[in-house]
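Residue numbers (the numbering used here), protein chains in the order written: chain S, 5 to 84; chain B, 5 to 84.
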């Protein structure tokens, strides 16, 4: 089963990486960019019987720093 | 307008970060994880009239290394 974990910084948390990308875009001449936030996209290939609770536990224990990050679990259809 | 850019390594490209996460998950006792791929999730807040071509150019010039990475542009509905 394919699972996608979207990890992004909580609103209000300073995002230096996003700032740097924003400045670089402006330096390349791309106007009209108001804000940039950079997060992580983790694609897992797990056994079909992996439960939502186990996925959440993986996120809380390792994949996301829940103090400053939010995570969203997107389960793709299991390959038939 | 909110835009999400999903940047992930091309299939076949070695993913040391994904490997490290995979080993760490196994170390924490999570069995049943077959593969882990780590990519970037870039959330842009851009002017509503930003074209798809401009977004692709941002990706090709800065946001993704097209030699080893694929990118996918996901445009969210413009806030009314």
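Just so you know, even glycine gets a beta-carbon here, dropped at the ideal spot from N, CA and C. Just so we're clear, the structure is a prediction, and the values are computed from it rather than from any experiment.
Here the stretch 51-64 of chain S makes no contact with the stretch 41-49 of chain B; the two share fewer than three CB pairs at distances below 8 Å. In the three-state scheme derived from DSSP, where H, G and I count as helix and E and B as strand, residue 14 of chain S is classed as coil.
For the pair of segments examined, the stretch 16-35 of chain S was found to touch the stretch 60-76 of chain B: the number of CB pairs separated by less than 8 Å reaches three. The C-alpha of residue 17 of chain S is placed about 27 Å away from the C-alpha of residue 56 of chain S.
The CB of residue 41 of chain S comes closer than 9 Å to the CB of 45, 46, 47, 48, 49 in chain B, given here in chain order.
At a beta-carbon threshold of 7 Å, the residues of chain S lying near residue 32 of chain B are 65, 66, ordered along the chain.
Proximity of chain B to residue 24 of chain S at the Cβ level (cut-off 7 Å) is not reached, the minimal Cβ distance being about 10 Å. Annotation note: the stretch 10-61 of chain S contains the following uninterrupted alpha helix (DSSP H) runs of length 4 or greater, listed N- to C-terminal: 20-31.
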